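Undergrad:
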Amino acid sequence: MVSAPRLQRSFFARPAVTLARELLGTRLVCIEKGRRLSGLIIETEAYSGEDDLGCHARVGRTARTEVMYGPPGHAYVYFTYGMHWCLNFVVESEGFPAAVLIRAIDPVEGWDVIASRRDGVARDHWTDGPAKLTKALNIDKTLNGADLCCPTADLFVESGIQIPDASIITGPRVGLFNVPEPWKSIPWRFRVAPGWLIATKELMLG
DNA sequence: AGCACGATTAACT
DNA sequence: GTTAATCGTGCTC
Numbered sequence: 000m001v002s003a004p005r006l007q008r009s010f011f012a013r014p015a016v017t018l019a020r021e022l023l024g025t026r027l028v029c030i031e032k033g034r035r036l037s038g039l040i041i042e043t044e045a046y047s048g049e050d051d052l053g054c055h056a057r058v059g060r061t062a063r064t065e066v067m068y069g070p071p072g073h074a075y076v077y078f079t080y081g082m083h084w085c086l087n088f089v090v091e092s093e094g095f096p097a098a099v100l101i102r103a104i105d106p107v108e109g110w111d112v113i114a115s116r117r118d119g120v121a122r123d124h125w126t127d128g129p130a131k132l133t134k135a136l137n138i139d140k141t142l143n144g145a146d147l148c149c150p151t152a153d154l155f156v157e158s159g160i161q162i163p164d165a166s167i168i169t170g171p172r173v174g175l176f177n178v179p180e181p182w183k184s185i186p187w188r189f190r191v192a193p194g195w196l197i198a199t200k201e202l203m204l205g
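Residue numbers (numbering that gives the first Met the number 0): 0 to 205.
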């Protein structure tokens with residue numbers, strides 16, 4: 000598998016909603032003991048600013064949200080429901096808290112490692128949730144704040160395949176039960192339509 | 001020091 | 001469709 004160019008900091012220095020869309024089809028890569036584990040990003044959500052009452056930064060600057068206020072192109076990894084880690088990319092500009100949650104990937108490299116971490120789970124469900132993909136790639140708090148754009152990073156994003164607008168489904172963000180409108184329903188969730196990848200990725204990835 | 005809640009998941013019925 | 005698991009975070013006392 001040939002590596003594609005890594006996404007640079009300028010890529011991440013754009014609005015969260017734009018990036019949630021643009022990140023679909025890019026490749027999330029972890030280097031683990033010199034080995035590449037990767038998958039195409041197929042589902043994301045945008046969280047932007049203290050005014051966004053669905054965003055963790057609604058409470059302002061705290062130890063937890065500090066990373067979101069830092070420069071773009073870093074990882075924001077948070078813990079939830081007492082047992083799960085979720086991965087976000089810090090976006091927009093330094094001083095403004097915004098991030099894109101990575102909700103699902105389609106595994107490309109490191110199938111054996113991913114399978115072992117998702118033992119007993121059907122392949123279609125290895126990485127189809129935000130806490131499933133972190134488990135599969137062994138992402139936890141040690142990667143919170145990690146720079147995705149540093150040349151020696153072992154967590155980064157590569158350019159991938161283009162997804163046509165017609166094959167992208169948008170909708171409300173998931174799990175915001177007690178969040179008031181309009182934030183509860185604003186369509187900042189983006190995902191690749193189910194059949195599109197099946198028909199296309201093998202042609203493009205070989 | 002204590003409390004309610006959560007950007008979830010898997011195993012149930 | 002329902003629910004338990006499980007603990008960091010932010011807020012209140």
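Positions of the beta carbon are idealized from the N, C-alpha and C atoms, including for glycine.
This structure is a prediction, so every number in the text was calculated from the model and none was measured.
1. Below 8 Å on the Cβ atoms is my guess for Trp182 versus Gly53; work out the distance and round it to an integer in Å.
2. According to DSSP, is Asp146 part of a helix, a strand, or is it coil?
3. Quick one: give me the first and last residue of the beta strand (DSSP E) that Leu39 is part of.
4. Pro71 lies in the alpha helix (DSSP H); which residues open and close that run?
5. Can you confirm whether the region 95 to 110 touches the region 35 to 49 when touching is taken to mean that 3 or more C-beta pairs between the two stretches lie within less than 8 Å?
6. Mind checking which residues open and close the alpha helix (DSSP H) that includes Pro129?
7. Let's see if you can read the secondary structure: which residues bound the beta strand (DSSP E) around Asp105?
8. Are three or more beta carbon pairs between the region 153 to 169 and the region 22 to 35 nearer than 8 Å?
9. My output table needs one value for Glu21: the three-state DSSP class, helix, strand or coil.
10. Which word fits Val66, buried or exposed, when buried means at least 16 other C-beta atoms lie within 10 angstroms of its C-beta?
11. Could you pull the DSSP bridge partners for Glu31 from this structure?
12. Between which two residues does the alpha helix (DSSP H) holding Arg8 run?
13. When you compare only the Cα positions, how much space is there between Val90 and Pro14?
14. Applying the criterion that 16 or more other CB atoms from any shown protein chain within 10 Å of the CB defines a buried residue, is Val76 buried or exposed?
15. Give the range of the beta strand (DSSP E) segment to which Cys85 is assigned.
16. Spatial neighbours of Leu175 within its chain, please: CB distance less than 8 Å, with the 5 preceding and 5 following residues excluded, ordered by chain position.
17. Just how far apart, CA to CA, sit Ser2 and Glu157?
18. With distances taken Cα to Cα, identify the nearest neighbour of Ser166 among Pro4, Trp195, Asn87, Pro71.
19. Give the C-beta separation of Trp187 and Ala130 to the nearest angstrom, bearing in mind that I take them to be a contact with Cβ-Cβ under 8 Å.
TA: This is what the structure gives:
1. Sequence index remark: in the first sequence, residue 182 carries index 183 (1-based). Sequence index remark: in the first sequence, residue 53 carries index 54 (1-based). At roughly 4 Å, the Cβ-Cβ gap stays under 8 Å, so Trp182 and Gly53 are in contact.
2. By one-based count along the first sequence, residue 146 stands at place 147. Asp146 falls in the strand class under three-state DSSP.
3. For the purposes of this step, residue 39 is identified with residue 40 of the first sequence, where counting begins at 1. It spans 34 to 47 - the beta strand (DSSP E) in which Leu39 sits, taken as one unbroken run.
4. Against the first sequence, residue 71 aligns to sequence position 72. It is not in any alpha helix (DSSP H) - Pro71 carries neither H nor E in the DSSP assignment.
5. yes
6. As a position in the first sequence, residue 129 is number 130, starting the count at 1. Where Pro129 is concerned, the enclosing alpha helix (DSSP H) stretches over 129 to 136.
7. Translated into the one-based positions of the first sequence, residue 105 becomes position 106. Residues 97 to 108.
8. The region 153 to 169 makes contact with the region 22 to 35; the number of CB pairs closer than 8 Å reaches 3 or more.
9. Here residue 21 corresponds to residue number 22 of the first sequence, with the count starting at 1. Looking at Glu21 - three-state DSSP - the assignment turns out to be helix.
10. Walking along the first sequence from the start, residue 66 turns up at place 67. Looking at its Cβ environment, which holds 16 or more other Cβ atoms inside 10 Å, Val66 is buried.
11. Residue 31 sits at position 32 when you count from the first residue of the first sequence. Note: Glu31 sits in a beta bridge opposite Arg34.
12. Mapped onto the first sequence, residue 8 falls at position 9. 8 to 11 is the span of the alpha helix (DSSP H), which, as asked, contains Arg8.
13. On the first sequence, position 91 is the one that residue 90 refers to. On the first sequence, position 15 is the one that residue 14 refers to. Their Cα atoms are separated by approximately 7 Å.
14. What you label residue 76 is simply residue 77 of the first sequence in a count that begins at 1. Buried, by the Cβ-count rule.
15. Reading the first sequence from its first residue, position 86 is the one you call residue 85. First-last of the beta strand (DSSP E) with Cys85: 83 to 89.
16. Here the question's residue 175 lines up with position 176 in the first sequence. If we look at Leu175 and ignore the five residues flanking it on each side, its Cβ neighbours are Gly53, Trp182, Lys183.
17. As a first step, residue 2 is located in the first sequence; it is residue number 3 there, counting from the start. As a first step, residue 157 is located in the first sequence; it is residue number 158 there, counting from the start. Distance between the alpha carbons of Ser2 and Glu157: 8 Å.
18. For the purposes of this step, residue 166 is taken as residue 167 along the first sequence, with counting starting at 1. Among Pro4, Trp195, Asn87, Pro71, the Cα nearest to that of Ser166 is on Trp195.
19. For the purposes of this step, residue 187 is identified with residue 188 of the first sequence, where counting begins at 1. For the purposes of this step, residue 130 is identified with residue 131 of the first sequence, where counting begins at 1. Actually they are not in contact, since the Cβ atoms of Trp187 and Ala130 sit about 19 Å apart, beyond 8 Å.
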